[in-house]
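K.L.:
Please find one structure pasted underneath; my questions will follow.
2 protein chains.
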Amino acid sequence: MSTHDDLRDIALTEFAYAGYAGTSLQRIAEIAGLSKSSVLYHYESKEALLEAAVGPALDRVAAILDAIGDALGTTEGRRAFIEQFVDLLLEQRLAVHMFINQGQSLEDVPVIDRANDLVVRLSTFFATSVSSVEDHLRFGIALGGAAYVLSVKQDDPLAGENPETHAQVRAALVKILTELLAPVSVNTQG
Amino acid sequence: MSTHDDLRDIALTEFAYAGYAGTSLQRIAEIAGLSKSSVLYHYESKEALLEAAVGPALDRVAAILDAIGDALGTTEGRRAFIEQFVDLLLEQRLAVHMFINQGQSLEDVPVIDRANDLVVRLSTFFATSVSSVEDHLRFGIALGGAAYVLSVKQDDPLAGENPETHAQVRAALVKILTELLAPVSVNTQG
DNA sequence: ACAGACTCTGACCGATCGGTCAGCTAACTT
DNA sequence: AAGTTAGCTGACCGATCGGTCAGAGTCTGT
Chain A
12 MSTHDDLRDI ALTEFAYAGY AGTSLQRIAE IAGLSKSSVL YHYESKEALL EAAVGPALDR
72 VAAILDAIGD ALGTTEGRRA FIEQFVDLLL EQRLAVHMFI NQGQSLEDVP VIDRANDLVV
132 RLSTFFATSV SSVEDHLRFG IALGGAAYVL SVKQDDPLAG ENPETHAQVR AALVKILTEL
192 LAPVSVNTQG
Chain B
12 MSTHDDLRDI ALTEFAYAGY AGTSLQRIAE IAGLSKSSVL YHYESKEALL EAAVGPALDR
72 VAAILDAIGD ALGTTEGRRA FIEQFVDLLL EQRLAVHMFI NQGQSLEDVP VIDRANDLVV
132 RLSTFFATSV SSVEDHLRFG IALGGAAYVL SVKQDDPLAG ENPETHAQVR AALVKILTEL
192 LAPVSVNTQG
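As you go down the protein sequences, you meet chains A and B in turn.
Position one of the first sequence corresponds to residue 12 (our numbering), numbered consecutively onward.
Position one of the second sequence corresponds to residue 12 (our numbering), numbered consecutively onward.
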């Protein structure tokens with residue numbers, strides 16, 4: 012992989028792990044085996060590095076939201092969405108964890124504002140007709156919980172990258188999020 | 012409230028919101044209307060401020076874990092635990108959110124190590140006999156999701172502090188976490 | 001009136017932060 | 001062989017970081 016992409020990946024890992032404010036360019040440089048000046052040669056600023064790190068994940072979220080469109084109220088629509096959402100989580104777990112848990116404090120960064128807008132879209136996607144406290148909590152727990160559980164470094168089965176475990180995690184996530192967000196009988200007109 | 016306690020509360024709010032690394036003593040001082048020197052008069056270091064901020068929450072977690080003891084495998088025991096856990100979350104939501112989401116990166120801070128130990132105890136509490144991937148995910152989503160949803164600043168019903176909404180949130184949380192962690196038929200001997 | 005404790009402060013410290021800049025080296029072009 | 005470019009670097013910048021310290025103001029007990 013190119014140095015450019017290496018830096019992007021290192022930055023994403025560190026931002027998700029130690030926070031944007033808690034990660035220095037010096038540290039990113041050390042992990043990459045470069046000098047801080049080299050990092051700033053590839054990316055014009057720390058903020059540009061953040062944008063490169065989470066931007067692609069935001070594109071995917073936006074694409075999913077656009078594609079699903081209006082099939083939101085029905086249980087069918089929700090289940091179809093959940094499958095795509097789980098795949099997104101598994102592919103972009105660090106980026107999602109980042110803007111879920113640091114989206115509030117980095118509010119004036121353009122790429123984070125974009126992320127926050129998408130979270131709002133995602134929220135209204137699930138809370139159009141039904142707006143009970145319980146449903147709000149369900150959505151928040153599903154979103155924050157999934158982002159959290161996939162970002163925890165653990166010696167557990169999740170750590171391995173073998174495809175069998177991956178399929179197992181995917182199936183379990185779909186099941187759990189379906190229970191939370193699209194129960195067998197959904198009140199479409201709460 | 013005393014200046015000492017004010018500083019503790021301000022620090023907790025800022026640590027949970029912007030992260031420990033992302034919060035400066037200068038900022039805490041400004042919010043409190045004091046100088047940075049005054050903050051360091053009340054607390055000998057930034058780390059001491061962190062300990063004062065999350066310590067009481069950790070004491071409560073430990074107390075709950077000690078009290079529940081061995082009634083862990085049964086559905087009854089889990090439900091009793093969940094009620095206490097929800098009350099803890101509602102009372103100490105910022106502190107819980109803090110050490111859930113920053114526990115990994117602040118690993119060498121004593122008070123955070125204590126927090127991480129408690130999370131491990133909590134985890135094994137739910138994963139003694141059953142250790143399937145799905146149950147690990149259920150636990151992580153419940154823990155991380157609840158910590159997340161209660162820490163989000165929102166213009167939603169949660170924001171208000173009126174007792175009626177509080178009871179509504181509590182009931183919904185108990186219901187959702189029970190679904191996640193103690194379904195009607197729990198496999199005690201996975 | 002004096003002494004001592006409590007609270008608070010500005011000045012200052014070394015270290016680190018994000019970022020700039022001139023210049024080095026190696027590879028490719030003409 | 002000369003020129004151009006990409007990749008990288010150390011030296012340096014002002015700002016901010018956590019933390020130290022001597023001292024000022026206030027209040028209480030004697």
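Backbone N, C-alpha and C fix where the C-beta goes; we use that ideal spot for every residue, glycine too.
None of the values given here were measured: they were computed from a predicted structure.
Quick check on DSSP: helix, strand or coil for LEU133/B?
P.N.:
Indexing the second sequence from 1 puts residue 133/B at position 122. Correct three-state label for LEU133/B: helix.
K.L.:
Just the C-alpha distance for GLY88/B and THR189/B, rounded to the nearest angstrom, thanks.
P.N.:
Against the second sequence, residue 88/B aligns to sequence position 77. Against the second sequence, residue 189/B aligns to sequence position 178. Each residue's Cα considered, the two are about 11 Å apart.
K.L.:
What does the Cβ neighbour count give for TYR52/B, buried or exposed, with the cut at 16 atoms within 10 Å?
P.N.:
Counting from 1 along the second sequence, the entry for residue 52/B is found at position 41. That one is exposed.
K.L.:
Is it right to say MET12/B is buried, meaning 16 or more other beta carbons lie within 10 angstroms of its own, or is it exposed?
P.N.:
Walking along the second sequence from the start, residue 12/B turns up at place 1. Label assigned to MET12/B: exposed.
K.L.:
Taking the alpha helix (DSSP H) that PRO174/A falls in, what are its first and last residues?
P.N.:
Your numbering for residue 174/A matches position 163 in the first sequence. From DSSP, the alpha helix (DSSP H) with PRO174/A extends over 174-192.
K.L.:
What are the start and end residues of the alpha helix (DSSP H) that includes VAL50/A?
P.N.:
For the purposes of this step, residue 50/A is identified with residue 39 of the first sequence, where counting begins at 1. First-last of the alpha helix (DSSP H) with VAL50/A: 47-53.
K.L.:
Could you tell me how far apart the beta carbons of VAL72/A and LEU99/A are, in whole angstroms, since I believe they sit closer than 8 Å?
P.N.:
Indexing the first sequence from 1 puts residue 72/A at position 61. Indexing the first sequence from 1 puts residue 99/A at position 88. About 7 Å separates the two Cβ atoms, so the contact holds.
K.L.:
Within 10 angstroms of its Cβ, does ASN112/A collect 16 or more other Cβ (buried), or is it exposed?
P.N.:
Translated into the one-based positions of the first sequence, residue 112/A becomes position 101. Per the 10 Å Cβ criterion, buried.
K.L.:
How many angstroms separate the CA atom of GLU175/A from the CA atom of ASN127/B?
P.N.:
Start at 1 with the first residue of the first sequence, and residue 175/A comes out as number 164. Start at 1 with the first residue of the second sequence, and residue 127/B comes out as number 116. Taking the straight line from one Cα to the other gives about 29 Å.
K.L.:
If the cut is a Cβ gap below 8 Å, which residues of chain A does VAL180/B touch?
P.N.:
Along the second sequence, read from residue 1 onward, the residue named residue 180/B stands at position 169. Chain A residues near VAL180/B: VAL144 and LEU148.
K.L.:
Along the segment 116-131 of chain B, what residues have a CB closer than 7 Å to any CB found in chain A?
P.N.:
Cβ contacts with chain A come from SER116.
K.L.:
Secondary structure at THR85/A, three-state DSSP: helix, strand or coil?
P.N.:
One-based indexing of the first sequence puts residue 85/A at position 74. Coil, per DSSP.
K.L.:
Between which residues of its own chain and ARG149/A is the CB-CB distance below 7 Å, once the five residues before and five after are set aside?
P.N.:
Translated into the one-based positions of the first sequence, residue 149/A becomes position 138. Counting only Cβ-Cβ distances below 7 Å, and skipping sequence neighbours, we find LEU191 and LEU192.
K.L.:
Using C-beta distances below 8 Å, list every residue in its chain close to ILE75/B, excluding the 5 sequence neighbours before and after it, in chain order.
P.N.:
By 1-based counting over the second sequence, the position of residue 75/B is 64. Result list for ILE75/B: PHE92, GLN95, PHE96 and LEU99, in chain order.
K.L.:
When burial is assigned at 16 or more other CB atoms within 10 Å of the CB, is GLU25/B buried or exposed?
P.N.:
Within the second sequence, the letter at position 14 stands for residue 25/B. The residue in question, GLU25/B, is buried, as its Cβ has 16 or more Cβ neighbours within 10 Å.
K.L.:
Inspect the CB distances between the segment 104-111 of chain B and the segment 61-68 of chain B and report whether three or more fall short of 8 Å.
P.N.:
Touching, yes.
K.L.:
What does the alpha-carbon distance come out to for the pair GLY30/B and VAL163/A?
P.N.:
As a working note, residue 30/B is residue 19 in the second sequence. As a working note, residue 163/A is residue 152 in the first sequence. C-alpha separation (whole angstroms): 17 Å.
K.L.:
Please decide whether LEU61/A counts as near chain B, where near means a Cβ-Cβ distance under 8 Å.
P.N.:
As a first step, residue 61/A is located in the first sequence; it is residue number 50 there, counting from the start. No, LEU61/A lies away from the interface with chain B (no Cβ there is under 8 Å from its Cβ).
K.L.:
Can you tell me whether ASP124/A is buried or exposed, with buried defined as 16 or more other CB within 10 angstroms of its CB?
P.N.:
Working through the first sequence from its first residue, we reach residue 124/A at position 113. ASP124/A should be labelled exposed.
K.L.:
To the nearest angstrom, how far is it from the Cα of ASP269/A to the Cα of ARG104/A?
P.N.:
Summary: the structure shown does not reach residue 269/A, with chain A confined to residues 12 through 201, and so no result is reported for it.
K.L.:
Closest to VAL144/B by CA distance: which of LEU45/A, ARG181/A and TYR54/A is it?
P.N.:
If you number the second sequence from 1, residue 144/B lands on position 133. It is ARG181/A.
K.L.:
Below 7 Å CB to CB, which residues in the same chain sit around SER46/A once its five sequence neighbours on both sides are set aside?
P.N.:
Residue mapping note: residue 46/A aligns to position 35 of the first sequence, counting from 1. Only ALA40 meet the Cβ criterion.
K.L.:
Beta-carbon separation of ASP146/A and ALA138/A under 8 Å?
P.N.:
To locate residue 146/A, count along the first sequence from 1; it is residue 135. To locate residue 138/A, count along the first sequence from 1; it is residue 127. It is a contact, given that the beta carbons lie within the stated cut-off.
K.L.:
Between which two residues does the alpha helix (DSSP H) harbouring ASP146/A extend?
P.N.:
The count along the first sequence starts at 1 and reaches residue 146/A at position 135. Per DSSP, ASP146/A belongs to the alpha helix (DSSP H) from 144-160.
K.L.:
Between ALA22/B and the rest of its own chain, which residues show a CB-CB distance below 6 Å, the 5 nearest in sequence each way excluded?
P.N.:
As a working note, residue 22/B is residue 11 in the second sequence. Within the same chain, ALA22/B has close Cβ partners ILE39, LEU60 and ALA64.
K.L.:
Check whether the Cβ atoms of VAL160/A and ILE152/B sit closer than 8 Å, and answer yes or no.
P.N.:
Looking up residue 160/A in the first sequence gives position 149. Looking up residue 152/B in the second sequence gives position 141. Yes.
K.L.:
Inspect the beta-carbon positions of SER116/B and GLY33/A and report whether they are closer than 8 Å.
P.N.:
The residue given as residue 116/B occupies position 105 in the second sequence. The residue given as residue 33/A occupies position 22 in the first sequence. Contact: yes.
K.L.:
For LEU69/B versus LEU129/B, is the C-beta distance shorter than 8 Å?
P.N.:
Here residue 69/B is taken as the residue at index 58 of the second sequence, counted from 1. Here residue 129/B is taken as the residue at index 118 of the second sequence, counted from 1. Contact flag set, yes.
K.L.:
Between GLU102/B and chain A, is there a C-beta pair that is closer than 8 Å?
P.N.:
On the second sequence, position 91 is the one that residue 102/B refers to. Not one chain A Cβ lies under 8 Å of GLU102/B.
K.L.:
For a contact meaning CB atoms closer than 9 Å, what does GLU87/A contact in chain B?
P.N.:
Here residue 87/A is taken as the residue at index 76 of the first sequence, counted from 1. Here the premise fails: no neighbours, minimum Cβ distance about 21 Å.
K.L.:
So is ILE75/A in contact with chain B if we call contact Cβ pairs under 8 Å?
P.N.:
Here residue 75/A refers to the residue found at position 64 of the first sequence. It does not: the Cβ of ILE75/A has no partner Cβ on chain B nearer than 8 Å.
K.L.:
Between GLN37/B and GLY156/A, what straight-line distance do the alpha-carbon atoms span, to the nearest angstrom?
P.N.:
Counted from its first residue, the second sequence places residue 37/B at position 26. Counted from its first residue, the first sequence places residue 156/A at position 145. Computed Cα separation, rounded: 33 Å.
K.L.:
Going along the segment 16-37 of chain B in order, which residues come within less than 8 Å of chain A, judged by CB to CB distance?
P.N.:
Residues TYR28, ALA29, GLY30, TYR31, ALA32 and GLY33.
K.L.:
Over what stretch of residues does the alpha helix (DSSP H) that includes ALA59/A continue unbroken?
P.N.:
Position 48 of the first sequence, counted from the start, is the residue given in the question as residue 59/A. It spans 57-79 - the alpha helix (DSSP H) in which ALA59/A sits, taken as one unbroken run.
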